[in-house]
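Order-wise, the sequence lines are chains L and D. 990 is the number of the first residue of the first sequence in my numbering; add one for each residue after it. 82 is the number of the first residue of the second sequence in my numbering; add one for each residue after it. For each residue, glycine too, the CB sits at the ideal point set by N, CA and C. These numbers come from a predicted model, not from an experiment. Everything on this sheet refers to the single structure shown next.
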Amino acid sequence: MEGRARVTIWLGRHILPHEADLRAWLKQSFANAGDVDDIIQETYCRLAALTQIDHIEHPRSYFFQAARSVALEQLRRARVVRIETVSEMESLNLILDDPSAERVVSGRRELERVRGLIAALPDRCRRIVEMRKIEGLPQREIARRLGVTENIVENESVRGLRAILAAITEQDAPARAKRPRVSSDGRSRKRR
Amino acid sequence: MVDRESAADIDAAAARWVVRADRDGDDPGFQAELEAWLAADRRRSGAYARAQAGWKHLDRSSVLAPTVSGGSRLRRRSIIAGLGAMAAGVTAAVVVPRLLVRRYGTTLGEIRRVPMADGSVAAINTDSEVEVSLRPRLRAVRLARGEAWFEVAKDPVRPFVVESGPVRVRAVGTAFSVRRREGGSDVLVTEGVVEVWTRDGGAPPRRVSAGERVFAENDAGVLTPPKADADLGRQLAWRDGQIVLDGQTLAEAAAEFNRYNDRKIEVADARLADKRFVGWFRINDPEGFAQAAAATFHGQITQREDAIILRAASGS
Chain L
990 MEGRARVTIW
1000 LGRHILPHEA
1010 DLRAWLKQSF
1020 ANAGDVDDII
1030 QETYCRLAAL
1040 TQIDHIEHPR
1050 SYFFQAARSV
1060 ALEQLRRARV
1070 VRIETVSEME
1080 SLNLILDDPS
1090 AERVVSGRRE
1100 LERVRGLIAA
1110 LPDRCRRIVE
1120 MRKIEGLPQR
1130 EIARRLGVTE
1140 NIVENESVRG
1150 LRAILAAITE
1160 QDAPARAKRP
1170 RVSSDGRSRK
1180 RR
Chain D
82 MVDRESAADI
92 DAAAARWVVR
102 ADRDGDDPGF
112 QAELEAWLAA
122 DRRRSGAYAR
132 AQAGWKHLDR
142 SSVLAPTVSG
152 GSRLRRRSII
162 AGLGAMAAGV
172 TAAVVVPRLL
182 VRRYGTTLGE
192 IRRVPMADGS
202 VAAINTDSEV
212 EVSLRPRLRA
222 VRLARGEAWF
232 EVAKDPVRPF
242 VVESGPVRVR
252 AVGTAFSVRR
262 REGGSDVLVT
272 EGVVEVWTRD
282 GGAPPRRVSA
292 GERVFAENDA
302 GVLTPPKADA
312 DLGRQLAWRD
322 GQIVLDGQTL
332 AEAAAEFNRY
342 NDRKIEVADA
352 RLADKRFVGW
362 FRINDPEGFA
372 QAAAATFHGQ
382 ITQREDAIIL
392 RAASGS
């Protein structure tokens, strides 16, 4: 149980924030592999089955590699000729080469981002998520304080969770991809 | 052929299961339902893990919640209410220095001393995990597992808060240890004053002073007032790699050694288990302890690869 809880926290902290980039890359590289959503779910299924995470030094790379093998398997299963094109390999290497991306999640920034995401929820939904996640109140108590049914609290929580998941994993994908770095050309930076 | 459930539908359902699990997670009926749902499609397990990760991730926002002295629940709540507005402000703020969350772990038997950037020092006991994140207004430490002692550098504008499950311990400049146990956390204060409370805020923060100890229950917080304990130095001898016994029973002593060593001591005899013992030992020398105990109480030792068994000598 302890181990599973750790994996869950690890997923939230080190995997989830890279999902947007992964989705963008999958769309580009594996248009034939079927639904990107399916690949993502299958990938999470494999990561969730991990019992050890301490050996994973670069979660982002690990995530991409896992998704890549899921995608390739789906291609095989669909009996599409397996074309591991040069461009696919190259684009993976390019993405994994960017050392700053690996750190995106670990900073204070991520914490603020989480708070920002909660703050951006619609009013009642935000209030409920705050009470649950920040104040740690049980559902029944939240319902009592707000004078609504527990059912509403549950629905709003679900709504909040989905909105936040979407925000973490989709909406800011272009923003992150385009975020300027110290030197805007990642490749020229490597050897200097 | 049955229609294939869409990924979006699975995601939606997974979010609901996660929220429900947060409330009914311990209910066996619910567990069974959830297992059945998950088992029907691998993608569901993936979606569930993902949603659960997102939900859990939101807990990160709670580290900074109650750091208020005085224990007025009202004040705390109004601060929390202002959090949304604050978060928006913070996000818009100018460039902040990159602050990493640093994680320190120890394996069985390992004890680590970790100096922190603010001048504080942590001593991390066996089989423990600690995360440290030093922020401009808060020094946040999470004890994920095990035990650690902290010598906190004074900094009145940057409280030092240890999160041990739902239990919180706050200090400004002081020295104390926190140990996670089943159902709650032990807090031992060797210097200064700390405040202890739980995330759920059932009871107001409790002040614990140098020389005192307190046990904070995960559900109910601090129920019994802090107790003076003249024995704290002995209990913190692990910081120097020692186990010091001063009238503990052999059963207690064995449990203490077993925290540090793969080779476990078993006191296989009830008559021995209650005997009280005095002595000074290296943490990694369970054999030395067993021999000393056997010699004192007419016991005998059986050595196995994974265990040292201590029982009363035959005929005694």
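- Within chain L, no residue has its beta carbon less than 8 Å from that of D:L189; the closest one is some 14 Å off.
- The beta-bridge partner set that DSSP reports for D:S245 consists of D:V248.
- Contact between D:D92 and D:A134 does not hold, since their C-beta atoms are separated by about 13 Å, which reaches or exceeds 8 Å.
- If you compare the alpha carbons of D:A351, D:R320 and D:R357 with that of D:G190, the shortest gap goes to D:R320.
- Residue pairing by DSSP places D:D267 opposite D:R260 and D:F296 in a beta bridge.
- Counting C-beta pairs with one atom in each stretch, the segment 329-339 of chain D and the segment 291-300 of chain D have fewer than three that are closer than 8 Å, which means they do not touch.
- Under DSSP, D:Y185 takes part in a beta bridge, and its partners are D:V211.
- In this structure D:V238 is not in contact with D:V277, their Cβ atoms being roughly 21 Å apart against a cut-off of 8 Å.
- Per DSSP, D:A318 lies in no beta strand (DSSP E) segment and is marked neither H nor E.
- Assignment of L:S1018 by DSSP, reduced to helix, strand and coil, places it in the helix class.
- The three-state reading of DSSP puts D:Q112 in helix, counting H, G and I together.
- The residue among L:G992, L:R1104, L:L1011 and L:G1125 with its C-alpha nearest the C-alpha of L:Q1041 is L:G992.
- In this structure, the CA atom of D:E244 is about 10 Å from the CA atom of D:V211.
- In the three-state scheme derived from DSSP, where H, G and I count as helix and E and B as strand, L:E1008 is classed as helix.
- With a 10 Å radius around the Cβ and a threshold of 16 neighbouring Cβ atoms, D:N206 comes out buried.
- The alpha-carbon separation between D:A204 and D:I192 amounts to approximately 7 Å.
- Here D:A113 is exposed: its Cβ has fewer than 16 other Cβ atoms, across all protein chains shown, within 10 Å.
- Contact annotation: D:F111 and D:R123 have beta-carbon atoms that are not nearer than 8 Å.
- Counted as a single uninterrupted DSSP element, the alpha helix (DSSP H) harbouring L:L1150 occupies residues E1139 to A1155.
- L:Q1041 carries a coil assignment under DSSP once its states are collapsed to helix, strand and coil.
- Per DSSP, D:T377 is one residue of the alpha helix (DSSP H) stretching across P367 to F378.
- According to the DSSP assignment, D:S290 belongs to the beta strand (DSSP E) that extends over R287 to S290.
- As the crow flies, the alpha-carbon of D:V222 is around 45 Å from that of D:Q381.
- The CB of L:D1027 comes closer than 8 Å to the CB of A88 and R124 in chain D, given here in chain order.
- Contact of D:P247 with chain L by beta-carbon distance below 9 Å involves G1125.
- Distance from D:T330 to D:D355 at the Cβ level is roughly 5 Å; contact confirmed, criterion being Cβ atoms closer than 8 Å.
- Secondary structure of D:T305 (DSSP, three-state): coil.
- Taking C-alpha positions only, D:G265 is separated from D:P286 by approximately 15 Å.
- By the CB criterion at 8 Å, L:G1125 and D:R226 fall outside the cutoff.
- Going by DSSP, D:G360 is part of the beta strand (DSSP E) stretching over R357 to R363.
- Annotated three-state conformation of D:A393 is strand, per DSSP.
- For the C-beta of D:W278, not a single chain L residue is nearer than 9 Å; the gap to the nearest is close to 11 Å.
- Setting aside the 5 residues that flank it on each side, D:L353 is surrounded in the same chain by L331, A374, F378, G380, L391, R392 and A393, each with a C-beta closer than 8 Å to its C-beta; the list follows chain order.
- Neighbours of L:T1138 in chain D, taken as residues at a C-beta separation under 9 Å, are lacking, since the least C-beta distance is about 14 Å.
- Proximity of D:A130 to chain L, defined by a Cβ-Cβ separation below 8 Å, is satisfied.
- When DSSP states are grouped into helix, strand and coil, D:I346 belongs to the strand group.
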